[in-house]
Structures are given as structure tokens and as C-alpha cells.
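> Below: one structure in C-alpha cells.
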Amino acid sequence: SSGINAEWPLRPGDMEIVPLNATDYSVYVSKMLSTKIEDLENEKFFSEKLKAPFDMLKKSLEDFIVASQKYEDRKKTAGNGARKSKIRSLNDKMLHMERSFIYPPGLPSRPQNRHVLFAPSLLDSYSGSVFPGVFDSITQANEKNDDDLWNEALKQITISTWMVRQATRALSPAAFPV
């Protein structure tokens, strides 16, 4: 609930295990990416130069899903009766996983939006978007047929891939051990 989620960052070590499911999160992001890529292909916006970078991003998301599942298994094994240090470690992993998606310079043309997975679209401020830096850059590059904008789209895919890999590492057993 929102009460738990609002309070959790204030005292993550004092609470029970965070009630956020990493597997649901990673699977949702992966499905949304696939849907967005299909939309690009249907609109004939998909450029062949995007195939390899998107394949790397998809592979990173597959690894993220596996790491999320393993993390959730460790959460179940620990249960809510675990030692405070174990709960703290599990909660720290979740916190750092989410922080992994914050890109300090911000998204293209909107430095105030720094989350690479979820942010308002530059082209539609009424709705949120998954990987907004990536898909807004692709849309603009397509509309303007500009090589610099295509390079920006490739850069955004690379940044997103790196951020997903960071999140995967944050969930690993080696990160924040007990």
C-alpha cells in the first residue's frame, strides 16, 4: 500500500521485507519494451541500425528477470522472521535496484526527469512512458531524419542497457551481503 511505500525509505532496516516484487517489475519492463519495439516495427519506424542495440537491451532485461527471480527466492527463504541484518540486506538490494535506473544528467531535453525506465514522454506529457529517452529519441529521429538524433537514440539505448545491468548487479547475492 502507499502508506508502506511512503514510509519504507525512511527506515528500511526497521521494517519487514519490502513488499515490492522484483520479478513482477522486471517482467513488466521487459513486456513493455517488446510492445514498444513491435509498435515501432508496425509504424515502420524501426531502423536496422537499432536491431543490435535493442538485442543487447533485451538480453540485459532477460538477465534482470533471472536476477529478480533469484532475489525473490531469497526473500521467500528469509521470510519476515529473518534477522534484521538479513532484512536490511534484502531491502538495500531493492533500494539500490531502483536507484540504478536514475541517470544523473537526465533524459534528452528534460534533465529534471532522470529515471530511464519510467517518465513522462516528451511527446505526450499526459501519459507515462517506458524507456522514454529511447523511444522519444527514435520518434524525433524518424520525424526529422537526422543522423544526430539517430545517434542520440543509440546512446539512449546504450544508457538504458547499462542501467538495467546495474540493477541486475544490485540484486545479486554479492551486493550488500549480510
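Counting in the working numbering, the sequence shown runs from -16 upward without gaps.
The C-beta atom is built at its ideal place from N, Cα and C for all residues, glycine as well.
1. Whole angstroms is fine: what's the gap from W145's alpha carbon to A136's?
2. Can you tell me the Cα-Cα spacing of D46 and R152, whole angstroms?
3. Where does G116 sit, in a helix, a strand or coil, going by DSSP?
4. Run the CB neighbour count on Q139, radius 10 Å, all protein chains shown included, and call it buried at 16 or more, exposed below.
5. Looking only at C-alpha atoms, which of V49, A35 and I70 sits nearest to V10?
6. Please state the DSSP three-state secondary structure of A61.
7. List in chain order: all unbroken alpha helix (DSSP H) runs of 4+ residues lying wholly within the stretch 10 to 62.
8. For R82, count neighbouring C-beta atoms within 10 Å of its own C-beta (all shown protein chains included) and say buried if the count is 16 or more, exposed if not.
9. List the endpoints of the continuous alpha helix (DSSP H) containing A136.
10. Could you compute how far the alpha carbon of D119 sits from the alpha carbon of K67?
11. From which residue to which residue does the alpha helix (DSSP H) around L90 run?
12. Please report how far the alpha carbon of S155 lies from the alpha carbon of L78, in whole angstroms.
13. Would you decide whether N134 is buried or exposed? Buried here means 16 or more other CB atoms lie within 10 Å of its CB.
14. In three-state terms, what does DSSP make of A5?
15. Who pairs with H98 in a beta bridge, going by DSSP?
The answer reads as follows:
1. Per the coordinates, the alpha-carbon of W145 lies some 14 Å from the alpha-carbon of A136.
2. When the Cα atoms are used, D46 and R152 turn out to be separated by approximately 10 Å.
3. Looking at G116 - three-state DSSP - the assignment turns out to be helix.
4. buried
5. V49
6. helix
7. 34 to 61
8. exposed
9. D130 to A153
10. 43 Å
11. Run containing L90: none; DSSP gives neither H nor E here.
12. Looking at the two C-alpha atoms, the distance is approximately 13 Å.
13. exposed
14. helix
15. I85
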